[in-house]
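What follows is one structure encoded as structure tokens, with my remarks underneath.
Listed below in structure tokens is the structure:
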């Protein structure tokens, strides 16, 4: 089990604005688990959490990338519909790139919410369906490098220690 301590993500002189960047698919966990997690983390941490009300497009993509780079750590909440969001997959790539290049050690905690981590690793069920759709788009729209990058990011994320949580009646 991973324990998140305030000293692990406290403000640093490197210019970090946020302690934690939350990455999740709003349609799956935004009103349930992510809101509860956000509320709990805000008791002691500065947390960036995007929501469904944010504008779409390149402007928001660059703002999210900036927020990731201004965070000490990221929590990635994988859910059944996570792979259906190209924005989530782009975020994951940015998070893992920042982890690799950050001089101050960007930490990443994957959480598998109501999904078996092996389904993500082996691209089964909803992850398989989503990537089949992307591979069709790859042929039609030249998305080959994006799809390859997303698969590589998922593989790297699954190599990290994380948490597997089952959904319950209280979200």
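Numbering (our numbering), first residue to last: 527 to 697. Glycine included, every Cβ here is placed at the ideal spot set by N, Cα and C.
A contact between stretches requires three or more CB pairs, one per stretch, nearer than 8 Å, and the region 588-599 fails this requirement with the region 641-649. Annotation: the continuous beta strand (DSSP E) that includes residue 545 extends over 544-549. Counted as a single uninterrupted DSSP element, the alpha helix (DSSP H) harbouring residue 621 occupies residues 612-627.
The beta carbon of residue 551 is closer than 6 Å to those of 605, 607, 608, 611 and 614 in its chain, skipping five residues each way along the sequence.
Taking the Cα of residue 671 as reference, the smallest distance to any Cα among 543, 689, 619 and 546 is reached at 619.
Closest by C-alpha distance to residue 677, out of 622, 631 and 559, is 622. Per DSSP, reduced to three states, the secondary structure at residue 564 is helical.
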